[in-house]
Every structure is written in structure tokens, then in C-alpha cells.
Amino acid sequence: MGQEPDFDTFLLHGRTSKGFAQREILPPISQVTAYQYPSMEELAKVFAHKQMGYAYTRIGNPSVAVFEQRINELEGGAGALACSSGMAAVSAALLAVCQSGDEIIAGRGLYGGTIDLFHDLEKYGIRTVFTELVPEKVAPLINERTRVVFGEFISNPSLAVLDVEGVASVAHQAGIPLFVDATTVTPFLARPLSLGADVVIHSTSKYINGGGNSIGGVIVDGGHFSWDFDRHASLGEFRRFGRGAFLVRLRADLWKNLGCCIAPMNAFLSCVGLDTLGLRMERICANASALAQALSGEDGIRVNYLTLEGHPYRESAMKYFRGQGGGILTFRAGSRERAFRIIDSLKYALIASNIGDLRTLVIHPASTLYLRTSTEEMNQAGVYDDTVRVSVGIEDSGDLIRDFLDAVRKA
Ligand code: PLP
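When we follow the numbering used here, the leftmost residue of the sequence shown carries the number 1228, and every step to the right adds one.
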């Protein structure tokens, strides 16, 4: 057998990157709402899953299917579902395994939108218990109501690294799956399913798309979790699918009913972005590390970046990400006013609410992303009144560093 290709080669030449109907080098865009059939009988067979085919884009679409298959192949999953946004993916994945009366154990310091979702879910009788996601803290919180443990692999923007192996192990011992939001990690840095996670979620609006041109999300099921259908009663109707029940429940039921499909054009654009994920991530991680080092020496600036000497999760970055620290860094500027002055005087970094773009983006999270979050939750997410979040892009590192040093020294 020949040698397995490396990441970038695999991205361009993997099984799911070819084989299109007219030999296109990119997946064709099936930008339609519905599909027509020569007879009613055939359409009825498609609806009854007795014949392969597409009926209606909210239920399935070939451009979307290519995107799903490509991410699934990269993550090593059993199947994937693309969603209209990262939040749609998080919501659908959690709702598939939880119903009223159930509990979620979630990491502290998650993305603000996800924290907002957990508060929303309370109104539907689904409670979330927040903790530091380490085995010794998760284990005692698991009870008969717990249905899932949810965490971000590198939390945005606190930059805590989830101990996927350790937490998966204690969750599995109690019959609970681990869902990992790996948006900030991407399959380039690590593949959570291979480390014990059961379901991986991405906001593809970020690094996977990379070009800042479409919102999207994806849920990948590892297909190895052995569901107990008495405990996970929301999957009970699909028990005949065994380990595939989660994916079938979503595809045939909840995802379809919520109507959270991704648009075919967005799936196409995200596939195009995916082709350069490896190249971009290499450059982004190198730039982020160089910028973090440069800023660390500055007066009154406290930098948070995973691979900096003394960072509490530096060892985890060494273990899980081959020593790379991802594309996000935050720094504290001493005061909110100084943080604003620094942000406003940057020449290349755009003031924008996103991460994972080709371009460097900056934001003051306390006055934007955490506007509706309590101060305590915000601080647990590593966000203070003087925090600036930087999503590092692919600009030339010398220009970026000069831009930030000028801004910091002026402010
Ligand atoms: N998960 C993480 C870690 C995020 O950073 C974000 C957005 O910033 C989301 C989920 C939500 O993604 P979307 O904006 O695509 O809904």
C-alpha cells in the first residue's frame, strides 16, 4: 500500500474532492429549491428512501452533500450534517440528545453565543451546569439527568484547552457522550474524534471558509458511541439504527424540522475555502505566535496566547496541536479606554466581529460579544473590560507586528 498523503494533498485529492458529474474540478453548485421527477411514483420512492435522489434542498442537496462528505472525511467521522450557521449546528446537536428535564455539563469560558443558547434552553427545561472541563470536576457532576458533556477544544476567547482524552474517558464510563466544538482548532490542528470525542461541531463561518463570505456550521458524528436509549430517550424512536441513531435523528427529523440547512452557494464557497485550510492555518499560527511574542514585551500589555512560556495550557498545545497555538490571541491593555485607542489606531487589523478570516480582525469583546452575559461569566471566558481579542490573519508578519506595536505605543 502507498503512503497516506499529508494534510494539504489530502484536501485537494481526497476521495470526496473528485468524481463530479461533468468532471468539474470543483463541486458544481446545485442552486435550486426542488428537484423534478418524470413520474409521481419515482418522487414517492425518493421520499420513502427506496430510491436515491434529492427532493427539496432543506432535506438534501448535492452541493451541500459534497461539503458534508469533505468535512466528514477530514474528521474521520461516520457522517456529517451541514447547517446554516455554527450556532445552528450547536443547537441541533444538543437538542437531538436533550429534552425537557435533561442536563448538559458544559465548559466554562465558552463563546458568548453558546452561553446565550444555554440560557435559552433553560426556558425549555434543559439545564446547563458549567464547570472547568477536567476529569476530576466533570465526574462528580454527572447524574441520572445528564445527557451530554459539551466543550470547546480551544475556547474562544479564554484559550483554555479541553482535555478531550481525559474528559471523554470519564463521560464514557458514565454512559455520556462528549461533544466538542472544534471551530478554533480545525481539522488541521487536531481531530477530536480520534482522541475520544463522540461528536465534533464547527462554525464553518470561521477558518474552514476562511474567506469571510458565508455563515455555516457542521456536525460530524464519530458513529462509535453506544447510546443507551432509556437514558437518551430523545433518540428512542431511532433505536433500530444503533450507533447511527444520533445522525438519523438529525437528518430525518430534527435538522430537517428546524429547517437549519446551509444554502448550496454557501456550501460551495466553504468547499473552496476548505482547499486552502492547511496553508492558511500554518501561516495564521506562525503569525499569531510571532505577534504574541512581540506584544508580550510591551509596557502595560498582558498577552494570552497558548504557546507563550508560562501559559497554563502550553503543555496541552504541545500534546494536542503539535506545539501550535491557533490563530486567536487576547491582550489586556490596562483600561477600556486604552483598548479602544489601540483598536482604533490599527492600520491593517479590521474592527469586525468574526474570527478565522484571512484578514486580521480585532474586537473589544466586553462591549460586543459579551453584552448580554453576566460579568462573572464574562470573566470566566477570559474577557475583562480592557481585553482586546485578535483573530490573526495571513498578512506578512512584519507588517502586522509593526502595526500593533505602533498602536500600543501610541495609546
Ligand atoms: N462556536 C464558536 C467557538 C464560535 O467562535 C462561534 C462564533 O464565533 C460559533 C460557535 C457560532 O458560529 P456562527 O457565528 O457560525 O453561528
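Using N, Cα and C, we set each Cβ at its ideal position, and we do this for glycine too.
The straight-line gap separating the alpha-carbon atoms of Ala1417 and Met1605 is approximately 27 Å. Membership of Arg1529 in the beta strand (DSSP E) is indicated by the continuous run 1529 to 1531. In the DSSP annotation of this structure, the continuous segment of the alpha helix (DSSP H) that includes Val1635 starts and ends at 1624 to 1637. With respect to the 8 Å criterion, Arg1549 and Arg1529 are not classified as neighbours on the basis of their beta carbons. Within the segment 1396 to 1469, the beta strand (DSSP E) runs of at least 3 residues that lie entirely inside it are, in chain order, 1405 to 1408, 1426 to 1430, 1444 to 1448.
Using a C-beta cut-off of 8 Å, the segment 1435 to 1454 makes contact with the segment 1467 to 1476, since at least three inter-stretch Cβ pairs fall below that distance.
Remark: C-beta atoms of Leu1506 and Asn1436 do not approach each other more closely than 8 Å. Set against 7 Å, the gap from the CB of Met1492 to the closest heavy atom of the ligand PLP is not smaller.
Beta-bridge partners of Ile1590 (DSSP): Arg1616.
Secondary structure note for Val1475: its alpha helix (DSSP H) is the uninterrupted segment 1472 to 1476. Straight through space, the alpha carbons of Gly1609 and Thr1602 are spaced by roughly 11 Å. Scanning the segment 1302 to 1387 from its first residue to its last, the whole beta strand (DSSP E) runs of 3-plus residues come out as 1306 to 1310, 1330 to 1334, 1354 to 1358, 1373 to 1379. In this model, Arg1636 and Gln1520 are separated by some 16 Å (Cα to Cα).
Per the Cβ contact rule, the segment 1345 to 1355 is not in contact with the segment 1571 to 1589 (fewer than 3 Cβ pairs under 8 Å). In this structure, the alpha-carbon of Gly1553 lies about 7 Å from that of Val1412. Taken from the Cβ of Asn1383, at least one heavy atom of the ligand PLP lies inside 7 Å.
With contacts defined as CB atoms closer than 8 Å, Leu1556 and Ala1544 fail to qualify as a contacting pair.
In this structure the segment 1319 to 1338 lies against the segment 1363 to 1371, because at least three pairs of beta carbons, one per stretch, are closer than 8 Å. The alpha-carbon of Ile1252 is positioned some 41 Å away from that of Asn1531. DSSP, reduced to helix, strand and coil, places Arg1559 within a strand of the structure shown. With a cut-off of 7 Å, the C-beta of Met1314 is classified as near the ligand PLP, since at least one heavy atom of the ligand falls inside that distance. Residue environment analysis places Leu1598 among the exposed positions, since fewer than 16 neighbouring C-beta atoms fall within 10 angstroms of its C-beta. Counting only residues of its own chain and dropping the five nearest sequence neighbours on each side, Ala1634 has a CB closer than 7 Å to the CB of Ile1569, Ser1572, Leu1573. If you compare the alpha carbons of Tyr1262, Ala1261, Phe1377, Lys1245 with that of Pro1254, the shortest gap goes to Lys1245.
Burial is judged here by how many other beta carbons sit within 10 angstroms of a residue's own beta carbon; His1591 has at least 16 and is buried.
Under the DSSP assignment, Arg1510 falls in the alpha helix (DSSP H) whose first and last residues are 1504 to 1523. Scanning Phe1415, Leu1518, Phe1567, Leu1477 for the CA closest to the CA of Met1508 turns up Phe1415. Not one heavy atom of the ligand PLP falls within 7 Å of the beta-carbon of Thr1595. Assigned with DSSP and collapsed to three states, Tyr1283 falls in strand. Between the beta-carbon of Ile1442 and that of Ser1580 there is about 12 Å, and that puts the pair past the 8 Å contact cut.
Apart from sequence neighbours up to five positions away, the residues of its chain that approach Gln1258 with a beta-carbon distance below 7 Å are Pro1491, Met1492, ordered along the chain. Here the distance from the Cβ of Gly1444 to the nearest heavy atom of the ligand PLP is below 7 Å. If the five residues before and after Gln1249 are omitted, its C-beta is found closer than 8 Å to the C-beta atoms of Pro1255, all from its own chain and listed in chain order. Between Ala1319 and Ile1369, the beta carbon gap of about 23 Å keeps them out of contact (Cβ cut-off 8 Å). Not one heavy atom of the ligand PLP is found less than 7 Å from the C-beta of Ile1342.
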